[in-house]
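If you count the sequence shown from 1, you need to add 25 to reach the working numbering.
Think of the CB as a built atom: it goes at the ideal place given N, C-alpha and C, for glycine as much as any other residue.
Just below is one structure, and these are the notes that go with it.
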Amino acid sequence: MSVAGRLSPRGTGPALPPGRKGGGGQGGPQLGRGVPQGEGGTGGMVCPRGGGHRHPGQPAPMGVQERGLPEGGEGRQGGGLRMRKESFAQILLLGLLFASFYLFFRIISPFLSTLVWAAVLAVMFQPVNRLLRRPLRGRKGLAALLSTAAVIFLIVFPFAFLVKLLAQELVDAYRVLERSFAEGYWERLWKALEASAPVKKLLDLLSSGGEEVDLEALVLGQVRHFALYLANQSASFIKGLSSALFQFVLMVVALFYLFRDADAIVERMKLLLPLSQQEKEELLSRVVKMIHATLYGGLLVAVLQGFLGGVGFLVVGLPSPVLWGTVMAVLSFLPVVGAYLVWIPAAIVLLLQGSYLKALVLLGWGAAVVSTVDNFVRPLFISGRTKVHPLLLFFAILGGIKAFGLLGVVAAPLIVAFALAMLDFYTRPREESSFGP
Numbered sequence: 026m027s028v029a030g031r032l033s034p035r036g037t038g039p040a041l042p043p044g045r046k047g048g049g050g051q052g053g054p055q056l057g058r059g060v061p062q063g064e065g066g067t068g069g070m071v072c073p074r075g076g077g078h079r080h081p082g083q084p085a086p087m088g089v090q091e092r093g094l095p096e097g098g099e100g101r102q103g104g105g106l107r108m109r110k111e112s113f114a115q116i117l118l119l120g121l122l123f124a125s126f127y128l129f130f131r132i133i134s135p136f137l138s139t140l141v142w143a144a145v146l147a148v149m150f151q152p153v154n155r156l157l158r159r160p161l162r163g164r165k166g167l168a169a170l171l172s173t174a175a176v177i178f179l180i181v182f183p184f185a186f187l188v189k190l191l192a193q194e195l196v197d198a199y200r201v202l203e204r205s206f207a208e209g210y211w212e213r214l215w216k217a218l219e220a221s222a223p224v225k226k227l228l229d230l231l232s233s234g235g236e237e238v239d240l241e242a243l244v245l246g247q248v249r250h251f252a253l254y255l256a257n258q259s260a261s262f263i264k265g266l267s268s269a270l271f272q273f274v275l276m277v278v279a280l281f282y283l284f285r286d287a288d289a290i291v292e293r294m295k296l297l298l299p300l301s302q303q304e305k306e307e308l309l310s311r312v313v314k315m316i317h318a319t320l321y322g323g324l325l326v327a328v329l330q331g332f333l334g335g336v337g338f339l340v341v342g343l344p345s346p347v348l349w350g351t352v353m354a355v356l357s358f359l360p361v362v363g364a365y366l367v368w369i370p371a372a373i374v375l376l377l378q379g380s381y382l383k384a385l386v387l388l389g390w391g392a393a394v395v396s397t398v399d400n401f402v403r404p405l406f407i408s409g410r411t412k413v414h415p416l417l418l419f420f421a422i423l424g425g426i427k428a429f430g431l432l433g434v435v436a437a438p439l440i441v442a443f444a445l446a447m448l449d450f451y452t453r454p455r456e457e458s459s460f461g462p
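Okay, structure coming up:
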């Protein structure tokens, strides 16, 4: 018989001689369904249908011998079972992950605003922290302690001074309103308004429906309500001072650890982002730029507009210039409108009082000086650096204030910057983005 041997009826390999079983006895050729592994090899057989390597003399699986099943069938069944187990384990792991994150959020949510403010201040004063590390030879703990003390000094003392002035201004404003009611100032002002043609037309229009509208009582009632609101707010502010102090202490503690472990926290956050290294750096740069632009630009505009607006109120003789200057400073965080909401109504009140010169002075001061700060400084810091349209910022900040309160003034621009960065990464060509379309 030749080396190749006779072919079996099914053509799967050399035929076995009659009366002999596969597996190869002594002196006989090793026959079976396999093919030689190679010249000069080990002499073993490799199953062409996925059965794996089988040494000479090793019988095929029982299912293959008796039922003619292809080798590896049971392996495929076992592999499918393992895949199902792995899929179940992955689903279970994801479920536990989401559940743990949800519980973690529930635990941390009462202090979320405190942590966000601490993170914002840490980013804002990070250059100071890095500067202090150099003479301290890299001692991060001591540098973080000094940086935290510097932040406390820069925030607490000006804020305490401002609170003292505001408290006095609120008391004075309430006394002025109370005295104006007693002296009949608002009644005289209303008589002057009734004599004007626009108010007459408005009253005629409201009375044309057949019902008498006591607009005077309505307006005066709103003024009294506003006066009571100011008094109640001052009392509420004093009551909430202890809670604010507790939150401030927590913010200081968080700020210290953020200063000390800033590098490790940033690197950990980068590892969690499913982006390329270039996109991670770009996203981080955008967020930092937005924080700097919002805080530096916003604070600069607020201080300038509040100070200049208060000076304008002081010059024309309006009461409570510090209070209204502070209100203008807070409102200046709203692009487009800002301090307009304060000095324009004040100028209208002066016009209605007959103080035409003072009204013109306040209008000119507000339009030429106060608004100029907003028109030039804010675009320079925010829109110019972050490439975000002012109208989008305007609605984002309004929505942020409604959703998050005062925190929305800072959180809303950051969310907008993050969303625009994600959109930019997604719309890039696939070869340039980690998750392009």
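| Asked | Found |
| --- | --- |
| In the structure shown, what three-state DSSP assignment does residue 441 receive? | helix |
| Could you give the uninterrupted runs of the beta strand (DSSP E) lying entirely in the region 135-203, keeping only those of 3 residues or more? | none |
| Taking residue 334 as part of the alpha helix (DSSP H), name the residues at either end of that continuous run. | 323-341 |
| Can you tell me whether residue 364 is helix, strand or coil according to DSSP? | coil |
| Quick one: using the 10 Å Cβ neighbour count with 16 as the cut-off for buried, is residue 304 buried or exposed? | buried |
| Is it right to say residue 441 is buried, meaning 16 or more other beta carbons lie within 10 angstroms of its own, or is it exposed? | buried |
| Report, in whole angstroms, the separation of the C-beta atoms of residue 366 and residue 356, which I expect to be a contact under 8 Å. | 6 Å |
| Return the CA-CA distance between residue 383 and residue 372, expressed in angstroms with no decimal places. | 8 Å |
| For residue 288, count neighbouring C-beta atoms within 10 Å of its own C-beta (all shown protein chains included) and say buried if the count is 16 or more, exposed if not. | exposed |
| Going by beta carbon distance, what residues of the same chain come within less than 6 Å of residue 138, once the five residues before and after it are set aside? | 432 |
| Mind checking residue 160: buried by the 16 CB within 10 Å criterion, or exposed? | exposed |
| How big is the Cα-Cα spacing for residue 363 and residue 349? | 13 Å |
| Taking residue 436 as the reference, which of 274, 390, 318, 273 has the closest Cα? | 318 |
| I want to know whether the region 266-277 touches the region 133-150 - three or more CB-CB distances under 8 Å. | yes |
| Which residue comes first and which comes last in the alpha helix (DSSP H) that contains residue 453? | It is not in any alpha helix (DSSP H) - residue 453 carries neither H nor E in the DSSP assignment. |
| With DSSP as the reference, label residue 317 as helix, strand or coil. | helix |
| Count the other CB atoms within 10 Å of the CB of residue 173; is the residue buried (16 or more) or exposed (fewer)? | buried |
| Using CA coordinates, which residue listed in 402, 445, 401, 399 is at the minimum distance from residue 421? | 445 |
| Please tell me whether residue 284 and residue 143 are closer than 7 Å, where the distance is taken between their beta carbons. | no |
| Out of curiosity, what's the CA-to-CA distance linking residue 320 and residue 113? | 47 Å |
| Using only alpha-carbon positions, find the residue among 423, 439, 351, 151 that is nearest to residue 281. | 151 |
| By the DSSP assignment, the alpha helix (DSSP H) with residue 429 in it spans what residues? | 415-429 |
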